[in-house]
Each structure stands twice: as C-alpha cells, then as structure tokens.
Amino acid sequence: MSDKIKVLVVEPEKPCQVQEVPDKLKALQTVVGGNIEAVFPFDDSVAVVCNRDGKNNGLPFNRPLLDDSGQPYDILCGTFFITGVRGENFVSLTDDQIRRYKELYDNVMVIPVKGNPDTGRITRVRPLGKKKPPKQER
C-alpha cells in the first residue's frame with residue numbers, strides 16, 4: 001500500500017490542483033495550514049478536509065458548499081482538499097471523482113468584496129478556453 005494519496009487541493013481564487021500527499025497527519029495539516037477537520041457534504045465516498053479553525057482565524061473565503069438545489073449553505077475558508085474515503089481511512093480519489101470535483105470547484109468560488117474582506121461574492125467562473133455562447137438575435 002502506498003504511503004501517499006491522490007487528492008484535489010483547492011486554494012482560494014485558484015484552479016484546483018491534483019496532488020499526491022503523504023497520508024500522515026502532519027502532511028495533511030500542512031496542506032490546510034493547521035488542524036484538520038473532515039466534512040462529508042457529498043453522497044460520494046469523499047471528504048472535504050479543511051482547516052478546523054479557518055473561519056475563526058480569518059482565512060480567506062474559498063468555495064461554497066451547495067445544497068441539492070445549488071444554493072450555498074456554508075463557505076469553506078482557506079485551502080482545503082478533497083480525498084477519497086474508505087471506512088475511517090483517507091484514500092486516493094478515483095479519476096472520475098477528480099474530474100467531477102475539479103469541474104465543480106473550478107467553476108464556482110467566493111471572491112472577497114473589495115474594501116470589505118468580511119464579505120464575499122459567490123461567482124460562477126467559465127473554464128479557460130470556453131467562450132460565451134453567442135447572443136441570439138430576436
């Protein structure tokens with residue numbers, strides 16, 4: 001068994017990056033910049049691992065957690081990563097999971113409002129290389 005796991009790292013205002021990280025507590029804490037907390041917002045066997053104290057420590061807004069209708073119900077602050085889960089262990093994401101969550105989190109983020117760092121705006125981002133659909137004439 002490998003001592004590294006393949007995860008999707010999500011930094012504020014940046015595209016997601018696939019990384020292999022050691023499956024050790026200290027290494028996982030380094031990714032998020034502090035103590036870790038795992039949350040399970042998806043039906044899939046994955047965890048979102050974030051800095052447990054990110055909001056209280058004023059880490060920057062990152063991405064929203066969305067309900068089934070696409071409405072935000074929470075905001076993740078600071079860098080987090082998504083990892084596969086098997087039982088009580090973190091495991092590498094599958095290629096399908098990487099594609100699915102990269103597509104989700106490369107296309108929506110929370111941008112701080114200029115002049116008011118305590119307020120953010122959820123923005124849907126068009127992937128690079130994709131053009132706006134042409135306007136239809138009436």
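Read in order, the letters of the sequence shown are residues 1 to 138 in our numbering. Each residue gets a CB set at the ideal place from its N, CA and C atoms; glycine is no exception.
In this structure, the straight-line span from the alpha carbon of Leu104 to that of Thr30 is close to 24 Å. Within 10 angstroms of the beta-carbon of Gly58 lie fewer than 16 other beta-carbons, which makes it exposed. Contact annotation: Ile111 and Glu13 have beta-carbon atoms nearer than 8 Å. In the three-state reduction of the DSSP assignment, Gln17 falls in the strand class. Under the three-state reduction of DSSP output, Leu25 falls in the helix class.
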